[in-house]
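A.B. asks:
Numbering (the working numbering), first residue to last: -3 to 170.
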């Protein structure tokens, strides 16, 4: 991953006047994004299988959960904010550094505002319904008892007792 970030540095700074060869440019353009995606995928895989170490501890902080939800919603609404900004312009936009900085910050704030609204209106209620549904399903399946488990060759057959719906309904009332 460091090669993806810093691999082009000698050619993009004052370090040298000579740029990379055509072959080096083609290789970086062809494999740079794929290598970055593989690196991020490996971090995700290592953290999900328990081999992440301190990286997993840092990425598992509770602080990152709302930021992750908000950034995903911002990813969804940001293009619409940009389209609205571009479509409502009545005159040509002449740019300078200060206008670009002000425009970028204001568009980012607008995107985060609409992302917050989207998170409150859509994502949070959906997560609540999902939690209720899966909690109820867990209670239903925890009431079933294993009758027998038979293994023949490569197949495994598991038989459970039927679910007693009156018992589950009585548990839901309490």
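Note that CB positions come from ideal geometry on N, CA and C, so glycine has one too. All values derive from a computational prediction rather than experimental measurement.
Looking at the secondary structure, which residues open and close the alpha helix (DSSP H) in which residue 99 lies?
C.D. replies: Against the chain shown, residue 99 aligns to sequence position 103. Here the alpha helix (DSSP H) through residue 99 covers 93 to 114.
A.B. asks: Out of 1, 80 and 74, which has the shortest C-alpha to C-alpha gap to residue 29?
C.D. replies: Along the chain shown, one-based indexing puts residue 29 at 33. Of the candidates 1, 80 and 74, the one whose C-alpha sits nearest the C-alpha of residue 29 is 1.
A.B. asks: For residue 61, does the count of other Cβ atoms within 10 angstroms reach 16, so buried, or fall short, so exposed?
C.D. replies: For the purposes of this step, residue 61 is taken as the residue at position 65 of the chain shown. Its Cβ having fewer than 16 others within 10 Å, residue 61 is exposed.
A.B. asks: Anyone know if the C-beta pair for residue 103 and residue 78 falls short of 9 Å?
C.D. replies: Reading the chain shown from its first residue, position 107 is the one you call residue 103. Reading the chain shown from its first residue, position 82 is the one you call residue 78. It is a contact, given that the beta carbons lie within the stated cut-off.
A.B. asks: Using a Cβ distance threshold of 8 Å, determine whether the region 107 to 121 contacts the region 66 to 78, with at least three qualifying pairs required.
C.D. replies: Contact holds: three or more Cβ-Cβ distances are below 8 Å.
A.B. asks: Rounded to whole angstroms, what is the Cα-Cα separation between residue 96 and residue 88?
C.D. replies: In the chain shown, the residue the question calls residue 96 occupies position 100. In the chain shown, the residue the question calls residue 88 occupies position 92. Between residue 96 and residue 88, the C-alpha separation is close to 14 Å.
A.B. asks: Among residues of its own chain, excluding the 5 on either side of residue 105, which ones have a beta-carbon nearer than 8 Å to its beta-carbon?
C.D. replies: Walking along the chain shown from the start, residue 105 turns up at place 109. Excluding residues within five positions, none has a Cβ falling inside 8 Å.
A.B. asks: Can you tell which of 38, 53, 49 and -1 has its C-alpha closest to the C-alpha of residue 27?
C.D. replies: Here residue 27 is taken as the residue at index 31 of the chain shown, counted from 1. Residue 27 has its Cα closest to that of -1, out of 38, 53, 49 and -1.
A.B. asks: Once you ignore the five residues that flank residue 114 on each side, which residues in its own chain have a CB closer than 7 Å to its CB?
C.D. replies: The residue given as residue 114 occupies position 118 in the chain shown. The answer, listed in chain order, is 69, 72 and 73.
A.B. asks: Using the C-alpha atoms, what's the distance from residue 75 back to residue 180?
C.D. replies: Not covered by the structure: residue 180. The range shown for the chain is -3 to 170.
A.B. asks: Relative to the C-alpha of residue 111, which candidate in 63, 42, 39 and 54 has its C-alpha closest?
C.D. replies: Along the chain shown, one-based indexing puts residue 111 at 115. The residue with the shortest Cα to Cα distance from residue 111 is 63.
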